[in-house]
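Visitor: Start counting the sequence shown at 38; every next residue gets the next number (this note's numbering).
Beta carbons are placed, not taken as given, at the ideal position from N, Cα and C, and that holds for glycine.
Here the structure is a predicted model, which is why all the values come from computation and not from measurement.
One structure coming up, written as structure tokens, with questions to follow.
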Amino acid sequence: MARRKQPRSRSRSTSKRKRKSRFYEQSKCRFCRDKNKEIDYKDIASLSKLTTQQGKLFSRKRSGNCAGCQRKVKLAVKRARFLALMPYVG
């Protein structure tokens, strides 16, 4: 004879923990806040803060950039890599 499955206890579903997000949303990205600050491929210090140790770009959510500035950062990193100012991989 086949056994019937027992229904799960409801205590599991009610005891779920709320997860806190690590990334906090700010009103504007760092480049939009400082209107004087321009995204330049020669500024390796600011571009290296937006990449991982392996050389990958951080996502928009992680870096806090808006969509337009993230595209400009992507282009600046590609130019810096082409001119050997930044490594392709770490």
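1) How big is the Cα-Cα spacing for residue 95 and residue 42?
2) Mind checking whether residue 126 and residue 105 have CB atoms under 8 Å apart?
3) What's the C-alpha gap between residue 73 and residue 85?
4) CA-CA distance, residue 114 and residue 123?
5) Going by C-alpha to C-alpha distance, which of 64, 77, 90, 71 sits closest to residue 108?
6) Tell me, please, which residues DSSP counts as bridged to residue 94.
Guide: Taking the structure as given:
1) 46 Å
2) no
3) 19 Å
4) 8 Å
5) Taking only the C-alpha atoms, the option nearest residue 108 is 77.
6) 88
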